[in-house]
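Residue numbers (the numbering used here): 798 to 1202.
Where a beta carbon is used, it is the ideal one built from N, C-alpha and C, also for glycine.
Bear in mind the structure is a predicted one, so any value in this text is a computation, not a measurement.
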């Protein structure tokens, strides 16, 4: 296997989560009796550029297909995050009706709807037909394509290019970043948000590893990738989203108007202090994941022996990675509730736990609710606060087992 950025041979194994189905391959009832295809879920670290990555076992066109079930707008906190960003970047870049915005992986229009309200022309690029349809119903123009350099050449150049949680999803990261440079106006800005590798390591967030995330990113490595394609990171923000993310601000190397802020050196230094610029900094992560697994299994077995009812909330991709790594099935967790009607009535891959509406929680009154989408823990606990009436305990397992009422 070769590094998807620098092309060197990959030899250092970061973590092996064993064979698993694609995390968003939810099953219908009839599919429960059919074979499931499993793929290795194993990450490597490039010892030269320190890009953490998985091989493209399943092609991105197969993962992000017409039945893709992740719709961004079903999280109220994510919508709030998107609106705040739209307000902030509009002021920061003085965007107006003469500007042009492109969002790559625009999903269901969760973000561009706020620019549309401001009468700022925008275009979404989204390959999944299901989410693109939802965006179009909001009056947003959408190009149903995977973004790359060839697509970039067909676009009107943008004042702002946005990519939230897409940089990790692209198998050919060099072609993708080359396309960003092509599509950007000379004084334009690119912002990209992605989960921060530093938090993944420090907080045991191994459940954020799945087949559609081809790369796991540090600023050290992302800075190298963008610079090699003629782009400079001039500012960076640390965000709380998705368990800890970075938002980078990028422009052309030759753009002298936008100077590099101190924030860039600050985050780079944090990563170097954690050892992310040497292979030794990546040692021992698999052992930490194993400890989380054993502790979670111990908790579940004890609860089941005591006759407790166990449910879960959030049929998120990270939940599938976690449950399948732990070997949990529907005889341990009775059901998982989720707000998205696109998932309700289906089953989690491999574990075959049924996905239901929140009404099932009110009906069954479980003793424990495992919050699988732990990044939305506060939002979910508030939403389910009525369950405290029967003494429910909420449980999260990342970075360690925690129970609270």
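- Boundaries of the alpha helix (DSSP H) harbouring residue 1062: 1059-1070, taken from the DSSP string.
- The straight-line gap separating the alpha-carbon atoms of residue 1117 and residue 1039 is approximately 16 Å.
- The C-beta distance from residue 1089 to residue 1194 rounds to 6 Å, short enough to fall under 8 Å.
- Straight-line measurement puts the Cα of residue 1132 at about 12 Å from the Cα of residue 1162.
- With a 10 Å radius around the Cβ and a threshold of 16 neighbouring Cβ atoms, residue 898 comes out buried.
- If you look at residue 813, you'll find it in the beta strand (DSSP E) that goes 809-817.
- Note on residue 995: 16 or more other CB atoms within 10 angstroms of its CB, so buried under the neighbour-count rule.
- Between the alpha carbons of residue 968 and residue 1151 lies a distance of about 31 Å.
- The residue from 1008, 1037, 1012 and 1135 with its alpha-carbon nearest to that of residue 835 is 1008.
- Residue 1166 sits buried, since 16 or more C-beta atoms from the chains shown fall within 10 Å of its C-beta.
- In the DSSP annotation of this structure, the continuous segment of the beta strand (DSSP E) that includes residue 919 starts and ends at 919-922.
- Judged by DSSP in its simplified three-state form, residue 901 adopts strand.
- For residue 953, no alpha helix (DSSP H) run applies, since DSSP gives it neither H nor E.
- By the CB criterion at 8 Å, residue 806 and residue 890 fall outside the cutoff.
- Excluding the 5 residues flanking it on each side, residue 960 has same chain C-beta neighbours closer than 6 Å at 901 and 989, in chain order.
- For residue 1070 and residue 842, the gap between their C-alpha atoms comes out near 18 Å.
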